[in-house]
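Accompanying notes for the structure given below.
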Amino acid sequence: METHVLDKNAEFLGVHTEQLMENAGKAIANEAKKLPYKKWLVLCGSGNNGGDGYVAARYLKNCVIVAVQKPKTKLAMKNFRKAKAAGIPIYGKEKFSELLQECDAVIDAMLGVGIKGKLKEPYKGIVETLNEANKFILSVDVPTGFAINPNLTVTFHFIKEGMKGKCGKIVVADIGIPKEAEEFVGPGEMLYYPKPRKESHKGENGVVAIIGGGAYTGAPALSAMAALRTGCDLAYVCCPSSVWHVIASFSPNLIVRKMDGRLFSPENIKEVEEVVNKADAILIGPGLGNDEKTKEACKLLIQKYLDKYFVVDADAIESLKGMDCRGKVVITPHAGEFKKLTGIELPTELEERKKIVAEEAKKRNAVILLKGFVDIISDGSRIKMNRIHNEAMTAGGTGDVLAGICVALLAKKVDAFHSACMAAFINGMAGNMVYEEKEYGLVATDIIEKIPEVLKFGHSH
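Each residue of the sequence shown is one higher than the one before, counting from 162 in the working numbering.
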């Protein structure tokens, strides 16, 4: 998946997949040319791994191609035609055994990182024959199905999971993916968005519970509407009875449950149990206010339900002090809230900020999404940044929208780090779409209305 995320993000930054494929094929041919073999057999699958093989063949020249299956992707098809036009002989799989005898070495460009499950025919038979053939094998990106034992693997950009010890010698080739495609979020993150099954039923695509309101009324409603627009099925808002009416009046799409009293306090935890048990993920914080009793209630609720996923925002952030979040929590502070949680005054220098955020995320066993001029997202080992937003997004409520998007993704079973990365991208991209129309007149509800457009953009790019 990570490879596809990088490809998509590179394209967003202006480096097209076609160019990356050209560079990949060239890198394979360069490595092959360093070896003493005269005639190569290039085995090409139907996808983009096969496309890399067709490009490599053009640069190698002294080779024959076996198209194990007809090319299926646009780019594989394009490079199949280019190889044909360049006069490289291309045969079907029935000629494989005969051509294998005539060649000194083999390039395995059959199946790449996209393969799931066990190998099927015709790949299975070809792989078995290859493993017994005693020929030099060069695999492209990863060995086909990890079932081939190559002498050399030319992989792109980084070593993939599961490669160590199974790939012979590994050469990592730089194929021109910009550093930013890896460091910053982009449309590639949207590949982690789970599309609902056609036969799915209500509640299967995420149920969220939002504990908020009391001091303020708008914040939890904004979060809940953002969660619904991100594609979760149900959004419950649990709020003090003093504001229940107001929040319920914002939209008939919200299910609003009242808690006794004016502010959320430890006595209310019993009242929200039923809703929290139904929820796949919980957002706590929007509009709660910073009363000491409220903070105590937040701490107790999080500790009690930490087998579930949480987004902790706004005034609830402080209640996480000294807590091990067990990998279940996304914390969404701005610099001021970050200081309240950690005691650290963040520097303006980006590299320093990144280091501190990663350390604090690791210490708490949580994902931190630090909101700022550049957002920083870390789970303690991975770090990504987001600069897709605009200066009008200082408008009140944009953070509540971000938290709502994030909790919806967690409820849809996206892992915590990817939920935070995707939420930063969706929120920023929706904000930019609004900015094009309304500039500094942007308000938080406008961003919510653009979320479906971003989801559509993510699926089509």
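Note that the Cβ used here is the ideal one computed from N, Cα and C, for glycine as well.
What's the gap between the Cα of Val535 and the Cα of Ala396? Val535 and Ala396 have their C-alpha atoms roughly 29 Å apart.
Who are the Cβ neighbours of Gly364 in its own chain at under 7 Å, not counting the five residues just before and after it? Asp394, Leu395
Cβ-based burial, Lys482 [other Cβ within 10 Å; buried from 16]: exposed
Within 10 Å of its beta-carbon, does Asp265 have 16 or more other beta-carbons around it, so buried, or fewer, so exposed? exposed
Apart from the five residues just before and just after Glu521, which ones in its own chain have a Cβ nearer than 7 Å to its Cβ? Thr503, Ile529
Based on DSSP bridge pairs, tell me the residues matched to Tyr397. Ala370, Ile416
In chain order, what residues of the same chain have a beta carbon less than 7 Å from the beta carbon of Pro339, not counting five sequence neighbours either side? Ala171, Leu174, Val176
Between which two residues does the beta strand (DSSP E) containing Met546 stretch? 544-547
Does DSSP classify Ala556 as helix, strand or coil? Looking at Ala556 - three-state DSSP - the assignment turns out to be coil, as it is neither helix nor strand.
For Leu531, count neighbouring C-beta atoms within 10 Å of its own C-beta (all shown protein chains included) and say buried if the count is 16 or more, exposed if not. That one is buried.
May I have the straight-line CA-CA distance separating Lys200 from Ile587, to the nearest angstrom? 50 Å
Under a Cβ-count criterion, where at least 16 other Cβ atoms within 10 Å of its own Cβ denotes burial, should Arg548 be classed as buried or exposed? exposed
Are the stretch 365-372 and the stretch 179-193 touching, with three or more C-beta to C-beta distances below 8 Å? No contact exists between the stretch 365-372 and the stretch 179-193.
Taking the continuous alpha helix (DSSP H) assigned at Leu260, which residues delimit it? Its alpha helix (DSSP H) spans residues 257-263.
Continuous beta strand (DSSP E) stretch holding Ser539: start and end: 536-539
Completely contained beta strand (DSSP E) runs for the stretch 439-507, where each covers 3 or more residues: 442-445, 470-474, 490-493
Quick check on His620: buried or exposed, where buried means 16 or more other Cβ atoms within 10 Å of its Cβ? Result: exposed.
Label Glu183 either buried or exposed according to how many other C-beta atoms from any shown protein chain fall within 10 Å of its C-beta, with 16 as the threshold for buried. So Glu183 ends up on the buried side.
Here's the rule I'm using: 16 or more other beta-carbon atoms within 10 Å means buried, otherwise exposed. How should Pro250 be labelled? exposed
Opening and closing residue of the alpha helix (DSSP H) in which Cys582 lies: 577-599
Do you know how far the Cα of Gly422 is from the Cα of Gly558? 24 Å
Please specify which runs of the beta strand (DSSP E), each continuous and at least 3 residues long, are wholly inside the stretch 281-334, giving them in chain order. 297-301, 313-317, 330-334
Val407 to Ala237, Cα distance in whole Å? 57 Å
Out of Pro357, Tyr353, Thr305, Pro232, point me to the one whose CA is closest to Lys327's CA. Thr305
How about Ile445 and Leu462: do their beta carbons lie closer than 8 Å? yes
Among Tyr377, Leu181, Pro232, which has the Cα closest to the Cα of Asp561? Tyr377
Whose C-beta lies closer than 6 Å to the C-beta of Asp540 among residues of the same chain, with five residues either side of it excluded? Ala522, Val528, Phe578
C-beta atoms of Ala382 and Phe411 nearer than 8 Å: In this structure, Phe411 lies closer than 8 Å to Ala382 by Cβ.
Helix, strand or coil for Ala228 per DSSP? strand
So, at 7 Å on beta carbons, what are the nonlocal neighbours of Glu341 in its own chain, with the 5 sequence-adjacent residues on each side left out? Leu174
Rounding to the nearest angstrom, what Cα-Cα distance links Ala581 and Ile309 in this structure? 37 Å
Can you give me the start and stop residues for the beta strand (DSSP E) that Gly253 sits inside? 251-253 is the extent of the beta strand (DSSP E) around Gly253.
Beta-ladder partner(s) of Lys532, from DSSP: His495
Start and end of the alpha helix (DSSP H) containing Asp607? 605-621
Buried or exposed, going by whether 16 or more other CB atoms sit within 10 Å of the CB of Leu511? exposed
Member of Leu563, Val568, Ala569 whose CA lies at the smallest distance from the CA of Ala591: Leu563
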